[in-house]
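The structure appears below as structure tokens.
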Amino acid sequence: MGKKLTENELNQYSKEMIIQLFLAMQDQMEVLNRNMELLIEQISIANQKRFGRSSEKIDTYEQISMDSCFNEAEACIEKQYVAEPGMEEVCSYKRSKRKGKREDDLKGIPTKVITHELSQEQLEQIFNGQDWKRLPDEVYKRLTFHPATFEVEEHHVAVYAGTDNQYSAG
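Numbers given in the working numbering equal positions in the sequence shown, counted from 1, plus 251.
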């Protein structure tokens, strides 16, 4: 950088001298602009490096990270082998039903009684002509659904047994 010229000094110079000064200043201005652009680019790269995404990564393994703070148990156990405990089978508790609940539920529904008996000839054929006796019937109830209504079918199954209690039919 040279001496600063005043207006009077510039008026004393010839036209060719002023043109040379102007061209020199133009070259100097281009160099300064190029340097300024390089500096701006360097600043943006430095900012990106300092504040960018890569700055959040931890390069050294010796440095304490947030993961090891929150997962301290895992960090301590990492190098040791720990056997997994065996799976236990848990049986769920099932409540037994209250006695008489089914009869209470079916109480208000119309009931149709169906009897199942063997004829005299069938009984003689089964017991080979020996004596037999009739035991109390086995009763079971089956709920049947007819569209828009329910009906209880009460089946009475006759049970027969020989007097020697060796064979029973029903």
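We put the CB at the ideal spot given by N, CA and C, even for glycine. In this text the structure is predicted, and so the values were computed from the model without any measurement.
Asked, Found
"Option in Leu272, Ser265, Lys266, Glu404 with minimal Cα separation from Lys255", "Leu272"
"Whole-angstrom distance between Val403 and Glu389, CA atom to CA atom", "16 Å"
"Burial state of Phe378, where buried means 16 or more other Cβ atoms lie within 10 Å", "buried"
"Contact between the region 336-356 and the region 367-381 (3+ Cβ pairs under 8 Å)", "no"
"Inside the region 378-411 only - beta strand (DSSP E) runs reaching at least 3 residues", "383-397"
"Inter-residue spacing [alpha-carbon to alpha-carbon] between Ala412 and Val364", "23 Å"
"Whether Val410 touches Tyr391 by CB criterion (9 Å)", "no"
"Among Thr414, Phe401, Arg385, the one whose alpha carbon lies nearest that of Lys358", "Phe401"
"Contact under 9 Å by Cβ, His406 with Arg385", "no"
"Test item: CB-CB of Ile269 and Leu261 under 9 Å", "yes"
"Beta-carbon contacts of Leu374 that lie in its chain and below 7 Å, excluding the five residues immediately before and after", "Trp383, Tyr411"
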